[in-house]
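Okay, structure first, notes after.
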Amino acid sequence: MSMANGDGSEISSRRVNYGWIGESWGLLGQAASPWIMSQLLYGVLVFLLSLALNVLCFGVPPLNLAGFSRWADHQTPVSNTASYALSFAFNVFQSSAYYAMAVKQVRGEQVSFHDAFRGGEGFWRMAGAVLLIGVLSLLGVAGLVIGVFFVAGLLLPAWAMVADGESPTEAITRSIRAMKGDWLKAGLFCLLFTALMGASALLCGLGLLATTPMLYLVSALAYRDMAGMPILTTQPFEYGAGQPGVWPPPPQATRPPDEPTWGAGQ
Numbered sequence: 001m002s003m004a005n006g007d008g009s010e011i012s013s014r015r016v017n018y019g020w021i022g023e024s025w026g027l028l029g030q031a032a033s034p035w036i037m038s039q040l041l042y043g044v045l046v047f048l049l050s051l052a053l054n055v056l057c058f059g060v061p062p063l064n065l066a067g068f069s070r071w072a073d074h075q076t077p078v079s080n081t082a083s084y085a086l087s088f089a090f091n092v093f094q095s096s097a098y099y100a101m102a103v104k105q106v107r108g109e110q111v112s113f114h115d116a117f118r119g120g121e122g123f124w125r126m127a128g129a130v131l132l133i134g135v136l137s138l139l140g141v142a143g144l145v146i147g148v149f150f151v152a153g154l155l156l157p158a159w160a161m162v163a164d165g166e167s168p169t170e171a172i173t174r175s176i177r178a179m180k181g182d183w184l185k186a187g188l189f190c191l192l193f194t195a196l197m198g199a200s201a202l203l204c205g206l207g208l209l210a211t212t213p214m215l216y217l218v219s220a221l222a223y224r225d226m227a228g229m230p231i232l233t234t235q236p237f238e239y240g241a242g243q244p245g246v247w248p249p250p251p252q253a254t255r256p257p258d259e260p261t262w263g264a265g266q
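Note that the sequence shown ends on residue 266 in the UniProt record's numbering; no numbers are left out.
In structure tokens, the structure reads:
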């Protein structure tokens with residue numbers, strides 16, 4: 001069964017839009033400060049957490065450069081396990097916050113710096129999605145290396161859907177159903193966007209400050225256009241009943257008051 005939403009078009013008839021790249025760039029420009037500044041802060045936090053983990057595992061580092069390098073490169077099974085667990089949790093938190101932020105902006109709502117650090121609300125859903133989509137991506141690699149891009153294309157909206165409150169299994173199922181009608185173009189889109197991110201990394205990595213937010217926004221745009229993002233509506237403002245002698249009346253009033261109030265008492 002096909003599903004219609006928003007503009008009334010059926011999901012089965014929708015097509016991947018390369019214009020998402022330009023639209024995501026425009027959305028980034030509208031909220032560049034929270035997107036870019038939060039990434040810089042996340043980078044600082046990653047460095048501090050890595051430093052703290054090494055201190056816990058190996059003690060205070062030597063003050064000389066050679067000793068510090070050996071200390072920083074020192075690895076043990078325990079430190080590696082702790083590092084992987086911390087990295088996974090950090091990435092899940094960041095992804096949960098950023099995909100939710102992207103969905104919020106695509107809906108037309110204002111986003112703020114605070115939104116970039118609200119990853120706890122959907123943390124466990126996003127953790128499940130990371131694990132499930134990771135397994136599916138490995139299957140794509142096993143079949144054919146380039147197959148990972150087609151798996152990514154089929155699951156492009158799923159990330160934003162999970163951040164919007166859907167369970168990982170429901171999001172994956174709906175995403176595949178929405179994207180399978182244009183799976184080839186979806187895979188090529190992911191290949192193109194990966195190349196774009198790779199090119200942006202050549203600028204000393206600074207270009208990733210732009211293309212990384214665009215990745216989150218593209219997922220939300222695919223969610224909107226391919227799977228049918230629910231659009232939030234606000235309730236109309238409730239005016240009180242019309243009062244005698246008050247002008248102008250509330251919108252639901254059908255006639256003016258018998259006697260206007262202006263000029264009274266003069």
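Every residue, glycine too, gets a C-beta built ideally from N, C-alpha and C.
Could you name the residues of the same chain whose beta carbon sits closer than 7 Å to that of residue i, not counting the 5 residues immediately before and after it, in chain order?
| i | result |
| --- | --- |
| Ser24 | Met214, Leu217, Val218, Leu221 |
| Ile36 | Leu209 |
| Val154 | Note that residue 154 is Leu in the sequence shown, not Val. Around Leu154: Ser175, Ile176, Met179, Lys180, Trp183, Ala186. |
| Asn17 | Asp225 |
| Leu191 | Phe149 |
| Phe237 | Note that Phe237 scores a pLDDT of 49, beneath 50, so its modelled location is shaky; the value from the coordinates is reported in the next line. Same-chain partners within the cutoff: there are none. |
| Phe189 | Val16, Tyr18, Gly153 |
Please return the same chain residues whose Cβ sits closer than 6 Å to the Cβ of residue i, not counting the five positions on each side in sequence.
| i | result |
| --- | --- |
| Gln39 | Leu209 |
| residue 296 | There is no way to answer for residue 296, as the model of the chain reaches only from 1 to 266. |
| Arg15 | Asp182 |
| Ser95 | Met126 |
| Met197 | Thr211 |
| Trp20 | Val218, Leu221 |
| Leu41 | none |
Only counting the same chain, and skipping five residues up and downstream in sequence, which positions put a Cβ closer than 8 Å to that of residue i?
| i | result |
| --- | --- |
| Ala85 | none |
| Leu49 | Leu86, Phe90 |
| Phe113 | Ser33, Pro34, Met37, Ser38 |
| Leu28 | Trp35, Ala210, Pro213, Met214, Leu217 |
How many whole angstroms separate the CB atoms of residue i and residue j, which I take to be in contact at a CB cut-off of 8 Å?
| i | j | result |
| --- | --- | --- |
| Gly134 | Ala100 | Not confirmed; about 20 Å, so no contact. |
| Ala127 | Asp115 | Their Cβ separation, rounded to whole angstroms, is 19 Å, which puts Ala127 and Asp115 out of contact at 8 Å. |
| Ala129 | Val162 | 4 Å |
| Leu139 | Ile172 | Between Ile172 and Leu139 the Cβ distance is about 13 Å, and since that is not below 8 Å, they are no contact. |
Determine the contact status of residue i and residue j, defining contact as a CB-CB distance below 9 Å.
| i | j | result |
| --- | --- | --- |
| Arg118 | Gly165 | no |
| Met229 | Val145 | no |
| Met226 | Pro157 | yes |
| Cys57 | Ala31 | no |
| Gly205 | Ala199 | no |
| Leu120 | Phe88 | This sequence places Gly at residue 120; Leu is not what is there. No, the Cβ-Cβ distance between Gly120 and Phe88 is not below 9 Å. |
Complete runs of the alpha helix (DSSP H) confined to the segment 123-166 [at least 4 residues]: 123-143, 147-154, 158-163
Jot down the residue ranges of each uninterrupted alpha helix (DSSP H) in the segment 198-225, minimum 4 residues, whole runs only, in chain order. 208-222
Curious, which full-length alpha helix (DSSP H) runs of at least 4 residues does the segment 12-57 contain? 19-30
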